[in-house]
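Novice: Convert by adding 19 to the 1-based position in the sequence shown; the result is the number in the working numbering.
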Amino acid sequence: MNSSPVAEVPAFHTLWTAPSRARGVAYEFTPWEVVTAVLSVRSWQRFHGPVRLYTDDAGAHQLDRLGLLDLYADVSTDLDDVTPYDVDPVVYYTGGKLVALAAERAPVAMLDLDLFLLSSVDTTCADFVFAHVERATGDIYPPLERLPGTDRVAGTPPDLAANTALAVFNNERHRAAFTTAARTFMRGNADPAGCAPVALPAFCEQRLVLCEAERLGLSYAPVTPAVWDPRERAWSGDTRRAPFHHTWIRKRLLARDPLRQARYVRRLVTEVARNWPADLDRLTALASLAPAVAEVRSRGPVSGP
20 MNSSPVAEVP AFHTLWTAPS RARGVAYEFT PWEVVTAVLS VRSWQRFHGP VRLYTDDAGA
80 HQLDRLGLLD LYADVSTDLD DVTPYDVDPV VYYTGGKLVA LAAERAPVAM LDLDLFLLSS
140 VDTTCADFVF AHVERATGDI YPPLERLPGT DRVAGTPPDL AANTALAVFN NERHRAAFTT
200 AARTFMRGNA DPAGCAPVAL PAFCEQRLVL CEAERLGLSY APVTPAVWDP RERAWSGDTR
260 RAPFHHTWIR KRLLARDPLR QARYVRRLVT EVARNWPADL DRLTALASLA PAVAEVRSRG
320 PVSGP
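1. Whose C-alpha, out of 28, 302, 141 and 169, is nearest the C-alpha of residue 84?
2. Between which two residues does the alpha helix (DSSP H) holding residue 204 run?
3. Are there 16 or more other CB atoms within 10 angstroms of the CB of residue 194, so buried, or fewer, so exposed?
4. Based on Cα-Cα distance, which residue from 164, 39 and 29 lies nearest to residue 214?
5. Grab the span of the beta strand (DSSP E) containing residue 35 for me, first residue to last.
6. Which whole-angstrom value is the C-beta distance of residue 182 and residue 125, which I expect to be below 8 Å?
7. Quick one: what does DSSP say residue 58 is sitting in, helix, strand or coil?
8. Please state whether DSSP places residue 139 in a helix, a strand or coil.
9. Between residue 168 and the rest of its own chain, which residues show a CB-CB distance below 6 Å, the 5 nearest in sequence each way excluded?
10. Would you say residue 135 and residue 264 are within 9 Å of each other, going by their C-beta atoms?
11. Hey, which unbroken runs of the beta strand (DSSP E) at 3 residues or more fall wholly within the stretch 216–278?
12. Can you find at least 3 beta carbon pairs, one from the stretch 257–276 and one from the stretch 221–233, that sit closer than 8 Å?
13. Output the distance between the C-alpha atoms of residue 198 and residue 51, rounded to the nearest integer angstrom.
14. Does DSSP put residue 294 in a helix, in a strand, or in coil?
15. What separation, rounded to the nearest whole angstrom, lies between the Cα atoms of residue 139 and residue 161?
16. Decide if residue 104 is buried, meaning its Cβ has at least 16 other Cβ atoms within 10 Å, or exposed.
17. Mind checking residue 21: buried by the 16 CB within 10 Å criterion, or exposed?
18. Whole angstroms is fine: what's the gap from residue 312's alpha carbon to residue 54's?
19. Near residue 60, what residues of its chain come up, given a Cβ to Cβ distance below 6 Å and the 5 sequence neighbours on each side ignored?
20. Could you please give me the residues that DSSP links to residue 112 through a beta bridge?
21. Do residue 232 and residue 144 have their C-beta atoms within less than 9 Å of each other?
22. Taking 8 Å as the threshold, find out whether the stretch 143–159 comes into contact with the stretch 244–257 through three or more Cβ pairs.
23. Start and end of the alpha helix (DSSP H) containing residue 77?
24. CB residue 261 to CB residue 242, shorter than 9 Å?
25. Exposed or buried, residue 43, counting other C-beta atoms within 10 Å across all chains shown (16 or more means buried)?
26. How would you call residue 78, buried or exposed, if buried means at least 16 neighbouring beta carbons within 10 angstroms?
27. Which value, in whole angstroms, describes the spacing of the CA atoms of residue 74 and residue 113?
28. Which residue wins for smallest C-alpha separation from residue 111, given the options 308, 221, 92 and 48?
29. Given residue 36, which residues of its chain have a CB within under 6 Å of its CB, disregarding the five upstream and five downstream residues?
30. In three-state terms, what does DSSP make of residue 185?
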């Protein structure tokens with residue numbers, strides 16, 4: 020796989036446990052989430068620079084217990100200060116990312132914990148660079164007239180959405196305008212009014228960001244040409260050229276298939292062994308990952324792509 024032009028861009032992860040706590044559930048990492056978090060940080064460090072963490076006290080405690088907190092260049096627990104009126108944690112379960120982004124300055128990359136790089140990304144090809152396009156269809160993206168809160172939006176979003184599992188903000192005006200618009204949209208706007216619950220956060224995070232880019236006359240581009248259709252749950256275009264791996268839609272399958280889980284964890288641990296073998300000691304300290312690490316180590320050194 021050819022590498023893209025390399026530019027140093029700091030990135031951040033967000034771990035906001037309030038959505039789980041609001042549902043009365045303790046936040047817990049699955050075994051594969053532990054490994055993707057390590058791969059996400061290490062791969063961004065290798066290709067583009069440091070990674071910071073925005074979390075809350077509960078999230079920091081969880082990561083410390085897992086031995087992952089020291090991966091980060093800096094850790095902020097400011098997400099403890101987010102109020103449910105400003106960002107309802109049940110409805111806007113990814114809203115912590117946008118609060119974190121509001122505290123940053125461009126250029127900066129917003130990075131999901133379950134996405135890691137396979138090669139460098141051309142982070143400078145547009146003012147705003149994102150993982151891939153999603154068609155604005157289906158229950159996730161209902162017609163704007165059905166969605167509460169769109170009267171707060173200046174301008175009209177294009178007829179597509181940006182998957183922001185990887186989102187690089189190169190323009191400070193865009194970062195500031197988007198986070199202001201997103202927080203205005205979320206504040207006190209937690210009733211989906213007959214729409215699918217995911218429709219509000221999906222619009223706020225993945226369509227409003229393009230709306231603000233167009234309003235400011237800025238350019239935007241996906242990292243990969245593949246397009247996801249949420250209504251058909253299918254890809255179109257070239258899906259082989261992505262310079263990243265994203266667990267994303269596999270989560271539903273993994274949750275109900277123990278054999279698939281085991282294979283996936285071995286695949287991820289093999290990636291760690293190939294590129295960051297010193298981190299195997301970090302993983303083997305966890306009972307849920309020790310067997311997979313032992314199996315990968317028993318095969319000998321891992322090399323090649």
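Beta carbons are placed, not taken as given, at the ideal position from N, Cα and C, and that holds for glycine.
Specialist: Taking the geometry as given:
1. As a first step, residue 84 is located in the sequence shown; it is residue number 65 there, counting from the start. Its Cα nearest to that of residue 84, the residue 302 stands out among 28, 302, 141 and 169.
2. In the sequence shown, the residue the question calls residue 204 occupies position 185. Membership of residue 204 in the alpha helix (DSSP H) is indicated by the continuous run 191–205.
3. Looking up residue 194 in the sequence shown gives position 175. Classification for residue 194: buried.
4. Position 195 of the sequence shown, counting from 1, holds the residue named residue 214. Checking every option, the nearest Cα to that of residue 214 belongs to 164.
5. In the sequence shown, residue 35 corresponds to position 16, counting from 1. Element bounds for residue 35: n/a, residue is neither H nor E.
6. Here residue 182 refers to the residue found at position 163 of the sequence shown. Here residue 125 refers to the residue found at position 106 of the sequence shown. Contact flag wrong, Cβ pair sits at about 19 Å.
7. As a first step, residue 58 must be located in the sequence shown, where it is residue number 39. The answer is helix: DSSP assigns residue 58 an H, G or I state.
8. Position 120 of the sequence shown holds residue 139. In this structure, residue 139 counts as coil in the three-state DSSP scheme.
9. Reading the sequence shown from its first residue, position 149 is the one you call residue 168. 204 and 208, listed in sequence order.
10. As a first step, residue 135 is located in the sequence shown; it is residue number 116 there, counting from the start. As a first step, residue 264 is located in the sequence shown; it is residue number 245 there, counting from the start. Yes; because the gap between Cβ atoms is below 9 Å, this pair is in contact.
11. 239–241, 246–248, 253–255 and 263–265
12. no
13. As a working note, residue 198 is residue 179 in the sequence shown. As a working note, residue 51 is residue 32 in the sequence shown. For residue 198 and residue 51, the distance between alpha carbons rounds to 30 Å.
14. Locating residue 294 in the sequence shown gives position 275, where the first residue counts as 1. Three-state result, residue 294: helix.
15. Within the sequence shown, residue 139 is the residue found at index 120, counting from 1. Within the sequence shown, residue 161 is the residue found at index 142, counting from 1. Straight-line Cα distance between these residues: approximately 34 Å.
16. In the sequence shown, the residue the question calls residue 104 occupies position 85. Burial call: exposed.
17. Sequence index remark: in the sequence shown, residue 21 carries index 2 (1-based). For residue 21, the pLDDT reaches just 46, beneath the cut-off of 50, and the residue's location in the model is therefore unreliable, leaving the point undetermined.
18. Your numbering for residue 312 matches position 293 in the sequence shown. Your numbering for residue 54 matches position 35 in the sequence shown. Each residue's alpha carbon lies about 11 Å from the other.
19. Numbered from its first residue, the sequence shown carries residue 60 at position 41. Here the set comprises 70 and 90.
20. What you label residue 112 is simply residue 93 of the sequence shown in a count that begins at 1. DSSP, once it has assigned bridges, lists no residue as partnering residue 112.
21. Within the sequence shown, residue 232 is the residue found at index 213, counting from 1. Within the sequence shown, residue 144 is the residue found at index 125, counting from 1. Contact: no.
22. The answer is yes - the stretch 244–257 touches the stretch 143–159, with three or more Cβ pairs under 8 Å.
23. Within the sequence shown, residue 77 is the residue found at index 58, counting from 1. Note, residue 77: alpha helix (DSSP H), 76–84.
24. Here the question's residue 261 lines up with position 242 in the sequence shown. Here the question's residue 242 lines up with position 223 in the sequence shown. Between residue 261 and residue 242, the gap from beta carbon to beta carbon is short of 9 Å.
25. As a position in the sequence shown, residue 43 is number 24, starting the count at 1. Looking at its Cβ environment, which holds fewer than 16 other Cβ atoms inside 10 Å, residue 43 is exposed.
26. For the purposes of this step, residue 78 is taken as the residue at position 59 of the sequence shown. With 16 or more Cβ atoms within 10 Å of its Cβ, residue 78 is classed as buried.
27. The residue labelled residue 74 in the question sits at position 55 within the sequence shown. The residue labelled residue 113 in the question sits at position 94 within the sequence shown. Roughly 12 Å separates the two Cα atoms.
28. Taking the sequence shown and counting its residues from 1, the one referred to as residue 111 is at position 92. The candidate whose alpha carbon is nearest that of residue 111 is 221.
29. Along the sequence shown, read from residue 1 onward, the residue named residue 36 stands at position 17. These residues qualify, in order along the chain: 46, 75, 77 and 78.
30. Within the sequence shown, residue 185 is the residue found at index 166, counting from 1. Residue 185 sits in a strand when the DSSP states are folded into three classes.
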